[in-house]
Amino acid sequence: MTDLDITLDTHQSVYRERLLEHLLIGDLLKYSWLHAGATLEVSQPSIDRSGHDVVLEANGVTRHIQLKSSSHLAKTLSQNVHLGLASKPSGCVVWTRFDRTTMRLGPFLFFGAEPGLPLPALDAFRTAKHTKGDKDGVKKERPNLRVVRMSHFREVADIPALYEALFGKSTSGPVHGQVLSPDR
254 MTDLDITLDT HQSVYRERLL EHLLIGDLLK YSWLHAGATL EVSQPSIDRS
304 GHDVVLEANG VTRHIQLKSS SHLAKTLSQN VHLGLASKPS GCVVWTRFDR
354 TTMRLGPFLF FGAEPGLPLP ALDAFRTAKH TKGDKDGVKK ERPNLRVVRM
404 SHFREVADIP ALYEALFGKS TSGPVHGQVL SPDR
């Protein structure tokens, strides 16, 4: 790891987070374009209040998705999952693993239920705590977050498998048609 890598990881974490989000959404849109009739719709909340970063809809399934990411080299073993996802239809977490040198995405980790079903219950998971202590060194609980270990996520190899995990098998194929001339 070079000094530049450390600097980028430390000081540009929001940039990297947004880059990974755009790459993931772009890959899902490309898959939809090529294999599912360009039916994927994307919405993003203006306020991060209920734990989801993006809303995706396809095949009649709406997914409120909390996005997480870590490099292949990261030792991260769990993620904090927002309780608000449980109140959303088909709430889920997509944990993107990526290569730090190429920014290539995958494999993915998925925590959620089948398309159309709610997020699995979070009651059994422990409550997350702040990473830094207060003035007395006490790390207070974060009541709206639960710690979900990697072992509770299902590995998903690639974008086609992730698309299917999110929306089920596509019922429409690519749209092929006649290209209209500007005169028509």
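Heads up: the sequence shown begins at 254 in the working numbering, then just goes up one per residue.
Note that the Cβ used here is the ideal one computed from N, Cα and C, for glycine as well.
Since this is a predicted model, take the numbers as computed values, not measurements.
- Under the three-state reduction of DSSP, residue 274 is assigned to helix.
- Here residue 349 is buried. Its C-beta has 16 or more other C-beta atoms within 10 Å.
- For residue 320, DSSP records a beta bridge to 347.
- For residue 326 and residue 354, the gap between their C-alpha atoms comes out near 11 Å.
- Non-local C-beta neighbours of residue 383 in its own chain, meaning closer than 7 Å and more than five positions away in sequence, comprise 392, 393, 395, ordered along the chain.
- Residue pairing of residue 315 in beta bridges, as defined by DSSP: 310.
- The beta-bridge partner set that DSSP reports for residue 380 consists of 399.
- A direct Cα-Cα distance of roughly 15 Å separates residue 270 from residue 346.
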